[in-house]
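Per this note's numbering, the sequence shown runs over residues 28 to 235.
Think of the CB as a built atom: it goes at the ideal place given N, C-alpha and C, for glycine as much as any other residue.
Okay, so here's the structure we're looking at.
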Amino acid sequence: MKLTHHSHQSGFTLAEILTAMAIAVVIFAAIITASLAMQKSFNAVDHYFATHIQQVRIIDYLNRDVKRALICTTSANQQTVTLTIPKYIIQSGDAEAVSNPSLVGAMRSPTISTTTSGVQVNYGTATSTVVYSINGASILRTEDGVVTTIASSTDQLVPTTIDTDLANTEKTTMAVTFQPIFTSGNVADERTGTTVFSLAYLRNKRRG
């Protein structure tokens, strides 16, 4: 007489499977939501610093050009800054380059004289015109017709004050503000925040 072993196998009921699936869906939804929120946060921080870098760059460019300028004027609407800068580099077509083409790209040697107002450094009569202007959401730098985009960000970089002391044209004060935009629920929420201020003196201003 042989003994027969019967294996009893039992599985999950339909209710248990549905409950487990519902719990899994909730867990995955929470993970996905947290992941999206973290990704948005990372993108916002990255965007913030990227815009801040542009803000600092425009200040650096303006300071450099103002310090080199002979004349600095600002438009009435404070959206354009025009600078007259000596040509420090000998370029093709300049008198020096015509007589000696090998000088193209070389630094021009200034003449130094003493006046009643102090020491005068003169790089000659050749000058370049540099214009900073607003074009939509971009700040453009144009030097003798050559346009360079210094800062470009969709409604992120907004010059608020570009002021020149026109009484003696010796210094220029600037303030550049940008507005990082964080999107929540498809609604753009502008947070006005960071402003960088700068003051630069026209070291090459002609006196006397």
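message = Quick check on this structure: which residue in T200, T107, I86 has the alpha carbon closest to the alpha carbon of Y159?
response = Indexing the sequence shown from 1 puts residue 159 at position 132. The residue with the shortest Cα to Cα distance from Y159 is T107.
message = Buried or exposed, going by whether 16 or more other CB atoms sit within 10 Å of the CB of Q82?
response = As a position in the sequence shown, residue 82 is number 55, starting the count at 1. When all chains shown are included, Q82 counts as buried.
request  = Could you say if the region 108-122 and the region 87-100 meet the contact criterion of at least three C-beta pairs nearer than 8 Å?
outcome  = yes
ask   = By how many angstroms is the C-alpha of Y88 removed from the C-alpha of I166?
value = Numbered from its first residue, the sequence shown carries residue 166 at position 139. Numbered from its first residue, the sequence shown carries residue 88 at position 61. In a straight line, the C-alpha of I166 is about 11 Å away from that of Y88.
ask   = Can you name, in chain order, every residue of its own chain whose Cβ lies under 6 Å from the Cβ of T138, other than the five neighbours on each side?
value = Your numbering for residue 138 matches position 111 in the sequence shown. If we look at T138 and ignore the five residues flanking it on each side, its Cβ neighbours are N149.
inquiry  = Determine whether the beta carbon atoms of N104 and S225 lie at a separation below 9 Å.
reply    = Position 77 of the sequence shown, counted from the start, is the residue given in the question as residue 104. Position 198 of the sequence shown, counted from the start, is the residue given in the question as residue 225. Against a cut-off of 9 Å, the Cβ pair of S225 and N104 comes out as no contact.
key: Where A178 falls: helix, strand or coil (DSSP)   = Counting from 1 along the sequence shown, the entry for residue 178 is found at position 151. It is a strand residue.
query = Can you tell which of G151, T141, S140 has its C-alpha closest to the C-alpha of M134?
reply = As a first step, residue 134 is located in the sequence shown; it is residue number 107 there, counting from the start. The shortest C-alpha separation from M134 is found at G151.
Length-filtered (4 minimum) alpha helix (DSSP H) runs lying within the region 103-146 = 122-126
task = Specify the secondary structure class of A227 as computed by DSSP and reduced to three states.
result = Counting from 1 along the sequence shown, the entry for residue 227 is found at position 200. Strand.
query = Under three-state DSSP, which class holds Y88?
reply = Taking the sequence shown and counting its residues from 1, the one referred to as residue 88 is at position 61. DSSP places Y88 in helix when its eight states are reduced to three.
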